[in-house]
Structure formats: C-alpha cells, structure tokens
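Undergrad:
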Amino acid sequence: MKRLAGTLLLVVAFGGMLLAQNALLINGAGATFPYPIYSKWFDEYHKANGTQINYQSVGSGAGIKQVTEGTVDFGASDGPMNDDQIKAYRAKNGTGILHFPTVLGAVVPTYNVAGVSGALNFTPEALSGIFLGHISKWNDPAIAGANKGVNLPGNDIVVIHRSDGSGTTYIWTDYLSKVNSDWKDKVGKGTSVNWPVGLGGKGNEGVTGLIKQTPNSIGYVELIYAAQNKVPYGSVKNAAGTQVKADLASVTEAAAAAAKTIPDDFRVSITNAPGKNAYPISSFTWLLIPEKFKDTAKREALKGFLKWAITDGQGAVENLSYAKLPKEVVDKELKAISKVQ
Amino acid sequence: MNARLRWRKLVSGFMLTMTGVCALVAVSILFFILGYFVYNGGVSINWDFFTKLPAQVGQPGGGMANAIVGSAKLLLLASLIGVPIGFLGGIYLAEFSGTKVAFVVRYAADLLNGVPSIVIGIFAYALLVLPFKHFSTFAGSFALGIMMIPITLRSTEEFLLGVPRALREGSMALGAGKWTTIMRVVVPAAYRGIMTAILLALARVAGETAPLLFTALGNQYWSPGWNQPTSSLPAMIYTYALSPYEDWHRQAWAAGLVLLGLILMVNIVARVILSRGIAVPRS
Amino acid sequence: MSTSSINVPSAGPIAGSRSFLSRLRNGDEVARLVTFLFAASVVLTTVLLVYELWIGAALSRHKFGLAFFFTRVWDPIAEQFGALPFIYGTLVTAAVSLLLAVPLGIGAAIFLAELAPQKLSDPLQFFIDLLAAVPSVIYGLLGVFIVIPMMREWVQPALKNTLGFLPLFQGPVYGMGFLTAGIVLAIMVIPYIISVSREVLLSVPRDQREAALALGSTRWESTWKVVVPFAKTGIMGSIFLALARALGETMAVTMVIGNTPTISSSLFSPGYSIAAVIANEFTEATGDMHLSALIELGLVLFLLTFILNGLARLLMLLTTQRGSGMGHA
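Respectively, the protein sequence lines represent chains B, P and Y.
So in the numbering used here, the last one in the first sequence is 729, and the numbering has no gaps at all.
So in the numbering used here, the last one in the second sequence is 295, and the numbering has no gaps at all.
So in the numbering used here, the last one in the third sequence is 330, and the numbering has no gaps at all.
The following block contains the structure:
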C-alpha cells in the first residue's frame with residue numbers, strides 16, 4: 389500500500405515536471421497595486437504564446453528587494469527605487485536597473501461607516517489628521533465640514549494601513565508629505581513607514597479585507613480593489629481646490645502634465661498634480677527590469693511582453709479602472725526597451 | 013456527618029465535575045474545528061478545485077491543482093532529505109555510538125526540533141535562496157526536511173533500541189556481520205514503528221507555512237522541476253484567507269478541509285498502529 | 002545506556018593495530034562511518050543554523066547593542082530598529098494563552114488521569130493528540146473568520162462593559178489584537194499541557210493517593226493537595242513546553258494580531274510578535290540593517306525557545322527521577 393502511494397507520488401511529481409518543462413517560466417514579484425491588471429495580462433499573454441510569467445503579489449518593498457538580490461527575474465513597484473536603492477542594485481549586480489511604467493492607477497480612501505454608502509468628501513487636512521491620529525472620531529468637524537448633510541456617527545476611527553513594504557503606501561505617504569508638513573517631518577514617505585496609528589493589513593488585498601470586516605475603519609487601497617469589492621471610497625480635494633473622485637479621466641489628467649516632461653528613467657511622482665480635475669493621489673506603476681539579462685530566452689520574452697503590455701495590453705486596463713499610459717510615455721518607453729541587453 | 017465534611021464533599025464533587033468540563037471543552041474544540049471545516053469547506057470542494065489552476069485575480073472559479081501537486085512535491089523531496097539523515101543517524105545512535113557522541117547528537121536533534129519554523133525558513137533562505145538567486149521547491153523541501161530530521165532520528169533510535177537483544181545475538185551467532193544484522197534483522201523488526209513515525213513527521217511538516225514563505229514563494233502555474241518557485245496548499249490558504257474576494261475565501265476553506273483531512277487521517281492511522289503495539293515486535 | 006551495542010568479534014583487541022584502510026574493507030566499519038557521518042550532519046546542521054543566525058544579526062548587533070532590547074522604535078526609513086514592541090507582543094500573547102490554557106489544561110489532565118476510567122481516558126487523549134496535529138495556518142483561518150468577528154461583536158464589548166475599569170480592557174474594539182491572538186494560541190497549546198501533565202500525573206505512585214484517602218481526605222483533596230504537588234515539576238515542564246510553542250507560532254498569530262508594533266496596556270490593542278514581523282517583513286527588508294535587525298529578532302526567538310525547551314526537559318527529567326526514586330511503601 390505504501391509502495392503504491394510512493395510510486396503514485398513519484399508519477400505525479402515527474403508528471404508535473406514534464407508537463408511544464410517546455411514552456412518558459414519567468415518569475416517576478418512585487419506590487420499588489422497593479423496585481424489585478426498584471427494577473428489579467430500575464431494570463432492573456434500566456435494564452436497567446438505560452439510564456440508563463442509567474443507573478444507573486446508580495447508588495448513593492450519585497451519586489452525591490454528580491455530583484456536586487458536576483459532571486460526573481462523582474463520586480464514591480466509603485467514606489468520608484470530611490471537613488472540609494474539603485475546604487476545598491478548596481479553594487480550587488482554590476483549593472484543598472486530600469487523602470488518601465490505600465491499603467492496609471494489611483495489610491496483611494498476607502499471606509500466602512502455604518503449608514504454611509506456614498507462617497508465622502510475628504511480634504512488633505514482631514515486625511516493627514518486622521519492618519520496622524522489627531523482626528524479620532526468620524527463626526528469630527530474636519531470631516532463633517534466637507535460632508536454637510538451626511539450623518540456621520542461619533543464612533544472612533546479605525547485606521548488601517550499596510551503591514552508590508554508597499555508602493556501603495558509610498559504613493560499615499562508621498563501625497564501626505566506634499567500636503568502636510570507635519571506628516572513630512574514626523575513620518576515621511578516610503579514603502580514602509582512608522583505609522584502613528586492603525587492596524588496593518590497585508591497587501592492591497594489584506595487592507596480591503598480588513599476594511600470590509602471592520603466597522604468604522606478607513607484605509608487606502610488601489611481603486612480597483614475598492615471597486616471590485618464594492619467598498620465605498622471617497623473623493624479628495626486636489627491642488628486646484630476641486631473635490632475629485634478617482635476615475636479614468638481624473639487620473640489621466642493627473643499624468644498629463646508630467647507626461648511631457650517625464651525623465652529618461654521614468655521615475656516621477658504625479659501626486660497632488662496640477663489640473664482642474666486631476667485626481668491628486670494618482671501614480672504610475674513600474675516594472676523593474678535589469679539592464680543586463682543573462683538568459684536570452686527570458687529577456688526576449690520579457691521585452692516582448694512589455695512591448696505588448698504598453699501597446700495592445702492597454703486595451704484591457706480601463707475595464708479594471710486603471711488609466712492608459714499617455715502617448716508620450718509609451719513612445720519614449722518603446723525606445724527605452726532596447727536598453728535591456 | 014458534620015457541616016464541614018458536607019462542605020468538603022461538595023467542593024470535591026464540584027471541582028471534579030469542573031475537571032470533567034475542562035476535558036470536555038478541550039475535546040470539543042477538535043470536533044468544532046472539524047465540523048466547521050466540513051461545513052464550510054465541503055460546499056466548496058468540487059472537481060474544479062482539484063484539477064484547475066488559479067483563475068485571474070477577482071474572477072471566480074479556478075482551483076488549486078498546482079498547489080496540491082506543489083505540496084506533494086515539497087513533501088516528497090523533504091522526506092528524501094530528512095528521512096535518510098534521521099534514519100541512518102538513528103541507526104548510528106542505536107547500534108554504533110558511545111554515550112558521549114549519542115548525547116551530543118540527541119541534544120542537537122532536540123535543539124533543532126524546538127527551533128521555530130520561521131527561523132528555519134530564515135536558515136533555508138540564507139543557505140539556498142540567496143546564493144543561488146532562486147526561490148525553489150528545493151529550498152522549501154530543505155526547510156521541511158530539516159524539520160523532519162529530529163522526529164525521524166529519535167523514533168528510529170527508540171524503535172531500534174526496542175528490538176530485543178535476542179534477535180541480534182541470534183543473528184550474530186549465525187555468523188552475520190553487524191551491518192547485515194542491522195539491515196536484515198533489526199530494522200525489519202522495527203520497520204513498522206519507524207514508518208509510522210516518518211508518517212507523523214510528514215503530517216507535521218505538511219501543514220507548515222512559515223518556512224515556505226521565503227523559500228518556495230508561490231506560483232500560479234505548474235512548477236517545472238525542482239528549481240522554480242512552487243505553490244503549496246498552506247501558502248494558498250494563507251493568501252486567500254487574507255484577501256477580500258469571497259470566492260477565494262471559499263477556496264481557502266476547501267483547501268483547509270483537504271489539508272486538515274489528510275493530516276488528521278495520517279495521524280489517526282499512525283497513532284492507532286503505534287498504540288496497538290503493532291509497530292513493535294512482541295517477543 | 003545503549004543495551005544493544007554488541008561488540009562484533011573482529012573489533013577485539015587486535016582491531017586497534019589494524020590500519021584504518023584495512024578496517025574500512027570490513028563492511029561494518031564502512032557502515033559505522035557512513036551512519037556516523039549522517040548523525041554528525043545533524044549536529045552540523047544545527048551548528049550551521051546558529052552560525053548563520055549569529056552572522057546575519059552581526060550588523061544589527063554591532064549598531065544597536067543591548068539597546069536593541071529596550072528601544073520601542075521600529076523605523077525602516079530612519080534605520081532605527083528596536084525589538085521592544087515585538088518582545089512585548091510575544092510575551093503578552095504567550096501570557097494570555099497560558100492564563101487560559103493552564104487551568105483548562107491541568108483540569109482536563111486531572112480528569113483524564115484521576116477520574117476517567119482507562120476506556121474513556123485513552124480515546125480522549127487520542128483526540129487531544131489530534132488537536133496538536135492541526136497546522137498553524139488552519140488555526141489562522143479559523144481565527145480570521147470565526148474568532149475575530151466573535152471577539153469584535155460579543156466578547157470584547159462584553160469585557161469592556163463589565164471589566165472596563167481595568168486598563169486591560171479599555172480602548173477601541175477591533176476584533177484583532179493581543180487578546181484574540183492569546184486565545185488562538187491558548188487553543189493551540191492546550192494539547193501539550195494536557196498530554197504531558199496527564200502522563201506525569203499517571204506516574205505518581207498509587208500509595209500517595211491512597212495514603213491521603215486513608216487519612217480521610219475527599220477525592221478532590223487527595224488529588225489537589227497530594228497528587229498534583231507531587232507532579233508539580235513535571236507540570237511546570239509541560240507549561241514551559243507550551244510556552245516555547247506559543248512563542249514560536251507564526252501563521253496563526255500574524256493572521257489575528259493586527260501587525261502593528263504597538264506597546265499598549267490594553268489587550269484589545271493590535272500588536273506584533275517576533276515571529277509575525279519576521280514573516281511579514283523578511284522578504285522585503287530593503288536595507289541591510291533592516292534585514293540584520295530581523296535576523297537578530299530570529300536569534301532572540303531561537304534563544305528564548307532554546308532556554309525554555311531546555312528547562313522543560315530538565316524539569317520533566319527531575320519529575321521522573323523523583324517518581325521512580327520515591328514510592329516505596
């Protein structure tokens with residue numbers, strides 16, 4: 389009996405080995421922010437030409453770390469690597485690392501407040517106050533002032549943030565640092581910060597899950613996570629003074645100004661962007677690809693995927709509430725892809 | 013019977029009943045857990061679960077076929093790593109060694125046994141992932157295999173020592189060398205016990221998630237060979253449980269039921285064999 | 002003492018004079034060598050593990066020194082790392098779990114050892130052993146979907162209303178936190194306390210019990226005042242064993258504790274444990290200092306469990322010796 393079970397296991401194992409032996413397997417890890425669209429893209433690309441791209445949504449921090457260590461073929465992050473990290477990459481691998489933007493997305497404030505199913509209006513002061521811990525009740529004037537007519541309860545606010553190293557956190561804290569000097573001094577921006585208050589959830593998925601289950605909570609997630617899971621999200625007052633809800637138009641507008649002047653390495657922050665209806669917490673998200681790729685097959689497959697993703701692939705992004713890359717960026721990127729040797 | 017005695021008898025009856033309640037609570041937890049999984053997981057288990065790969069994020073459907081195979085591969089390789097070391101090491105302790113060496117080896121094994129599994133994950137990452145720049149099934153199996161070593165070692169030693177001297181001496185008297193005696197007489201006599209102990213060790217590591225986080229990582233597709241990241245049942249349960257998608261929650265329950273069911277079945281069979289004394293030869 | 006180490010005739014007084022190579026031709030010597038190598042590899046693995054931990058933690062050790070254990074701040078940006086919140090969380094959840102598991106566990110062990118007839122005691126012990134085999138992630142799953150809502154809707158509000166004057170039960174009610182993690186851990190360690198305590202209680206010589214009864218004590222009094230104190234050290238050993246298990250638990254804890262490095266007097270507060278922070282931050286520690294701090298935490302955890310396991314075994318050894326030493330009429 390045991391011998392039978394043993395041989396059965398061996399057969400299964402070898403079967404598993406043989407089954408996928410032929411198709412190319414590329415490993416990537418990183419941001420949860422674009423995970424829904426990446427998942428769709430990798431699936432479609434796999435169906436089209438058999439290339440298997442295994443993407444583990446473990447957070448931008450882990451994406452940066454693992455691509456630097458070389459344990460994955462590419463990384464993904466919505467917080468661009470800073471100069472120190474790029475230097476560290478070069479020191480460890482002897483070559484550079486390239487950022488390639490793939491989509492535009494938005495980080496939205498989501499909440500779970502009894503009786504409130506619509507969109508609340510948030511001001512920069514309200515958001516920074518809540519996340520600094522200064523504003524602790526839902527019916528605080530800073531929130532209520534922008535939401536006349538909404539019945540906000542007097543319950544304590546449960547702040548939910550990311551427990552893992554996150555590009556979404558980077559985007560959120562980047563925005564808060566820009567609009568609130570207190571935040572900039574006390575906490576700063578980064579993929580992992582020293583949060584003054586709140587519970588930690590793992591990944592965009594974890595935060596959404598927590599918000600759904602925790603009454604009186606507020607958190608920040610990528611737009612599609614709120615939309616797919618039917619969690620209400622609010623509008624944010626932008627630099628021009630308009631209350632803007634995140635959607636394709638407002639996110640695209642946020643990128644419009646930066647698109648024309650985007651630097652060669654594509655690292656740019658578009659939070660609190662100018663523009664009448666620009667959504668202030670928008671961001672590009674990047675694939676982190678090594679400049680020198682030893683494995684030819686993998687390199688060509690990855691380059692092929694990237695070319696497809698920023699051209700044909702963009703047709704699928706709007707369905708998942710991501711905004712297409714601006715044309716200027718795509719043109720520049722197509723030229724830059726050849727940098728991957 | 014005076015009042016004080018009546019009181020003491022009352023206290024006695026009460027406290028003893030309370031201990032019964034404690035035992036009842038402890039045992040009912042198990043049945044509660046089982047019941048919950050059968051209920052929640054049972055409705056989610058379907059043919060797709062066993063045969064399909066995970067679907068796109070947010071899309072319902074799909075299954076955990078790759079996770080099941082991944083777990084099987086991890087366990088297979090883990091036993092190939094852990095069992096020989098534990099088994100042969102146990103033979104050394106039981107048959108060859110002096111007391112000093114035996115003490116050191118046993119101490120090391122006990123130490124290894126007590127190491128939290130997350131720390132073993134760190135060890136495997138430092139040894140096998142970083143230098144080779146690869147998350148892999150092999151690294152995950154290495155971590156799990158290390159966890160199997162102490163149990164296998166101690167059990168092999170224990171069961172071998174339990175074999176009566178008479179068998180050994182009889183074999184020697186017939187002219188067999190020591191190694192022949194061990195392999196042809198002693199080990200076969202202790203075979204069942206050792207096998208069941210190995211099964212228990214397997215059941216223990218089958219549910220381990222922490223060491224796999226930094227070694228096997230995860231994979232949406234089939235994992236080819238042994239050098240690529242792989243999905244596994246415990247890792248899927250962890251990921252899906254923390255997600256916001258209802259469909260993934262459903263699948264997490266199903267995966268939990270499968271995992272729990274397998275582990276409990278192995279434990280039940282192994283423990284029954286051990287407790288009935290079938291494992292050890294009666295003289 | 003190894004009763005089965007029989008000297009093979011050829012390894013008699015002549016053996017020492019034969020050269021190593023010629024002895025090697027004898028199959029038994031090869032076998033001895035090979036099995037020795039495997040046994041030695043166990044020791045080697047353990048040594049290597051400790052070494053890797055020690056080296057990996059070196060950066061952090063040199064920078065922070067002893068202050069590591071007393072600093073509250075865990076700031077990856079400023080590269081300031083202090084272990085205090087995690088040590089606190091680990092100890093608090095372990096303490097809560099023991100407070101719940103020890104009375105329940107010892108009570109159940111008493112029942113199984115003293116009261117239940119063997120026909121009942123053995124099957125019940127069987128089920129309890131099965132409970133010990135349930136993997137951590139399964140407890141985590143139950144924790145997320147059952148325990149947390151239960152805590153948030155009933156238990157914590159009830160505690161707040163009745164015992165809210167204590168700082169332990171104040172503050173916002175999230176559902177996850179120290180208390181929830183403690184409860185889940187309690188369920189996980191109960192089987193260890195029960196099975197070891199039961200064994201220890203069973204090994205107490207009958208004379209002790211009977212002597213107490215003969216002197217007129219009630220059943221409970223003989224158990225509580227004579228048998229249990231006799232088995233005290235063994236029971237302590239089981240508690241240490243349970244504690245070691247609780248300290249090292251990763252998955253179940255990280256799924257219910259809230260993953261926030263906070264030190265709070267309230268049990269409702271979210272927190273973090275050493276194992277949980279390693280699990281969450283290890284793969285993404287971008288700075289070398291961050292990684293080294295995490296490995297140092299791993300080293301701390303390793304040392305804690307090492308000491309506790311050692312103490313546990315010592316205590317249980319003492320109990321069995323005592324049990325066999327005494328017990329003459």
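Glycine included, C-beta positions come from ideal geometry on N, C-alpha and C.
(1) Would you say Asn310 (chain Y) lies against chain B (beta-carbon separation less than 8 Å)?
(2) Looking at the secondary structure, which residues open and close the alpha helix (DSSP H) in which Val197 (chain Y) lies?
(3) In this structure, what does DSSP give as the bridge partners for Asp544 (chain B)?
(4) Determine the extent of the alpha helix (DSSP H) in which Ser670 (chain B) is found, giving its start and end residues.
(5) Kindly indicate which three-state DSSP category Phe82 (chain Y) falls into: helix, strand or coil?
(6) What are the boundary residues of the alpha helix (DSSP H) that includes Pro497 (chain B)?
(7) Reducing DSSP to helix, strand and coil, say where Ser266 (chain Y) ends up.
(8) Which of the residues in the region 152-183 of chain Y, read from start to end, lie with their CB under 8 Å from any CB of chain B?
(9) Round the Cβ separation of Leu165 (chain P) and Val44 (chain Y) to the nearest angstrom and send it over; I've been treating them as touching at under 8 Å.
(10) Identify every run of the beta strand (DSSP E) within the region 606-650 of chain B, keeping only runs that are complete inside it and at least 3 residues long; order them along the chain.
(11) Just list the residues that DSSP pairs Ile441 (chain B) with in beta bridges.
(12) Starting from the beta carbon of Asp544 (chain B), find every residue of chain Y whose beta carbon is closer than 7 Å, and list them in chain order.
(13) Is DSSP giving Asn604 (chain B) helix, strand or coil here?
(14) Helix or strand or just coil, what does DSSP make of Val504 (chain B)?
(15) With burial defined as no fewer than 16 other Cβ atoms inside 10 Å of the residue's Cβ, what is the status of Leu67 (chain Y): buried or exposed?
(16) Mark Thr46 (chain Y) as exposed unless 16 or more other C-beta atoms lie within 10 angstroms of its C-beta, in which case mark it buried.
(17) DSSP beta-bridge partners for Ser388 (chain B)?
(18) Within the same chain, show all residues whose beta-carbon is closer than 7 Å to that of Val567 (chain B), passing over the 5 residues directly before and after it, in chain order.
(19) Quick check on Ala276 (chain Y): buried or exposed, where buried means 16 or more other Cβ atoms within 10 Å of its Cβ?
(20) How would you label Asp466 (chain B), buried or exposed, when you count the other beta carbons within 10 angstroms and need 16 or more for buried?
(21) Can you give the Cα-Cα distance for Leu164 (chain Y) and Phe170 (chain Y), rounded to whole angstroms?
(22) Roughly how many angstroms lie between the CA atoms of Ser445 (chain B) and Ile677 (chain B), to the nearest whole one?
(23) 8 Å is my cut-off, CB to CB: does Glu457 (chain B) come that close to chain P?
(24) Do Met189 (chain Y) and Ala253 (chain Y) count as a contact pair if the criterion is CB distance below 8 Å?
(25) Measure the alpha-carbon distance for Arg262 (chain P) versus Gly75 (chain P) and round it to whole angstroms.
(26) Could you have a look at Ser448 (chain B) and say whether DSSP puts it in helix, strand or coil?
(27) Could you give the C-beta distance for Leu225 (chain P) and Ala294 (chain Y), rounded to a whole number, given that I count them as a contact under 8 Å?
(28) Identify whether Asn539 (chain B) lies in helix, strand or coil by the three-state DSSP scheme.
(29) Report the option in Y:Thr306, Y:Val145, Y:Gly108 whose CA atom is closest to the CA atom of Ala95 (chain Y).
(30) Suppose you measure from the CA of Ala212 (chain Y) to the CA of Thr219 (chain Y); what does that come to, to the nearest Å?
(31) Looking only at its own chain, which residues have a Cβ that is under 8 Å from the Cβ of Val50 (chain P), when we skip the five neighbours before and after it?
(32) Could you pull the start and end residues of the alpha helix (DSSP H) that Ala222 (chain P) belongs to?
(33) Does the region 277-287 of chain P come within contact of the region 204-212 of chain P, defined as at least 3 CB pairs closer than 8 Å?
(34) DSSP on Pro66 (chain P), reduced to helix/strand/coil?
(35) May I ask you to report which of helix, strand or coil DSSP gives Asn52 (chain P)?
(36) Using a Cβ-Cβ cut-off of less than 9 Å, give me the residues of the region 567-590 of chain B that come near chain Y, in sequence order.
TA: From the atom records:
(1) Locating residue 310 (chain Y) in the third sequence gives position 309, where the first residue counts as 1. With 8 Å as the cut-off, Asn310 (chain Y) does not count as an interface residue toward chain B.
(2) Your numbering for residue 197 (chain Y) matches position 196 in the third sequence. 179-203 is the span of the alpha helix (DSSP H), which, as asked, contains Val197 (chain Y).
(3) The residue labelled residue 544 (chain B) in the question sits at position 156 within the first sequence. Per DSSP, B:Lys525.
(4) The residue you call residue 670 (chain B) lines up with position 282 of the first sequence. Here Ser670 (chain B) belongs to no alpha helix (DSSP H); instead the beta strand (DSSP E) covers 670-678.
(5) The residue given as residue 82 (chain Y) occupies position 81 in the third sequence. Strand at Phe82 (chain Y).
(6) Counting from one through the first sequence, the residue named residue 497 (chain B) turns up at place 109. Where Pro497 (chain B) is concerned, there is no enclosing alpha helix (DSSP H), although the beta strand (DSSP E) it sits in stretches over 485-500.
(7) Mapped onto the third sequence, residue 266 (chain Y) falls at position 265. Here Ser266 (chain Y) sits in coil by DSSP.
(8) Arg153, Pro173, Tyr175, Gly176, Met177
(9) Indexing the second sequence from 1 puts residue 165 (chain P) at position 153. Indexing the third sequence from 1 puts residue 44 (chain Y) at position 43. With 8 Å as the limit, Leu165 (chain P) and Val44 (chain Y) do not qualify as a contact, their Cβ atoms being about 11 Å apart.
(10) 623-625
(11) Mapped onto the first sequence, residue 441 (chain B) falls at position 53. B:Ile414, per the DSSP bridge assignment.
(12) Working through the first sequence from its first residue, we reach residue 544 (chain B) at position 156. Within 7 Å Cβ-Cβ: Pro173.
(13) Walking along the first sequence from the start, residue 604 (chain B) turns up at place 216. The answer is coil: DSSP assigns Asn604 (chain B) none of H, G, I, E or B.
(14) In the first sequence, the residue the question calls residue 504 (chain B) occupies position 116. Strand, per DSSP.
(15) Counting from one through the third sequence, the residue named residue 67 (chain Y) turns up at place 66. Leu67 (chain Y) is exposed by the Cβ-count criterion.
(16) Taking the first residue of the third sequence as 1, we reach residue 46 (chain Y) at position 45. Thr46 (chain Y) should be labelled buried.
(17) Because residue 388 (chain B) is not part of the residues shown, which for chain B are 389 to 729, the question remains open.
(18) If you number the first sequence from 1, residue 567 (chain B) lands on position 179. The residues are Pro512, Ser516, Asn660.
(19) For the purposes of this step, residue 276 (chain Y) is identified with residue 275 of the third sequence, where counting begins at 1. The residue is buried, with at least 16 neighbouring Cβ atoms inside 10 Å.
(20) Position 78 of the first sequence, counted from the first residue, corresponds to residue 466 (chain B). Under this definition Asp466 (chain B) is a buried residue.
(21) Mapped onto the third sequence, residue 164 (chain Y) falls at position 163. Mapped onto the third sequence, residue 170 (chain Y) falls at position 169. Distance between the alpha carbons of Leu164 (chain Y) and Phe170 (chain Y) is about 6 Å.
(22) Position 57 of the first sequence holds residue 445 (chain B). Position 289 of the first sequence holds residue 677 (chain B). One C-alpha to the other measures close to 16 Å.
(23) Residue mapping note: residue 457 (chain B) aligns to position 69 of the first sequence, counting from 1. Yes - at least one Cβ of chain P is within 8 Å of the one on Glu457 (chain B).
(24) Reading the third sequence from its first residue, position 252 is the one you call residue 253 (chain Y). Reading the third sequence from its first residue, position 188 is the one you call residue 189 (chain Y). Contact: yes.
(25) By one-based count along the second sequence, residue 262 (chain P) stands at place 250. By one-based count along the second sequence, residue 75 (chain P) stands at place 63. Near 11 Å, if we compare the C-alpha coordinates of Gly75 (chain P) and Arg262 (chain P).
(26) Reading the first sequence from its first residue, position 60 is the one you call residue 448 (chain B). Ser448 (chain B): helix per DSSP, three-state reduction.
(27) For this step, residue 225 (chain P) is matched to residue 213 along the second sequence. For this step, residue 294 (chain Y) is matched to residue 293 along the third sequence. Actually they are not in contact, since the Cβ atoms of Leu225 (chain P) and Ala294 (chain Y) sit about 18 Å apart, beyond 8 Å.
(28) Counting from 1 along the first sequence, the entry for residue 539 (chain B) is found at position 151. DSSP places Asn539 (chain B) in coil when its eight states are reduced to three.
(29) One-based indexing of the third sequence puts residue 95 (chain Y) at position 94. Nearest C-alpha to Ala95 (chain Y): Y:Thr306.
(30) Start at 1 with the first residue of the third sequence, and residue 212 (chain Y) comes out as number 211. Start at 1 with the first residue of the third sequence, and residue 219 (chain Y) comes out as number 218. Spanning the two alpha carbons is a distance of roughly 12 Å.
(31) Start at 1 with the first residue of the second sequence, and residue 50 (chain P) comes out as number 38. Excluding sequence neighbours, Val50 (chain P) sits near Leu269.
(32) Taking the second sequence and counting its residues from 1, the one referred to as residue 222 (chain P) is at position 210. Per DSSP, Ala222 (chain P) belongs to the alpha helix (DSSP H) from 222-225.
(33) yes
(34) Locating residue 66 (chain P) in the second sequence gives position 54, counting from the first residue. In this structure, Pro66 (chain P) counts as strand in the three-state DSSP scheme.
(35) To locate residue 52 (chain P), count along the second sequence from 1; it is residue 40. DSSP places Asn52 (chain P) in helix when its eight states are reduced to three.
(36) Val575, Gly576, Lys577, Gly578, Thr579, Ser580, Val581, Asn582, Trp583, Val585, Gly586, Leu587, Gly588, Gly589, Lys590
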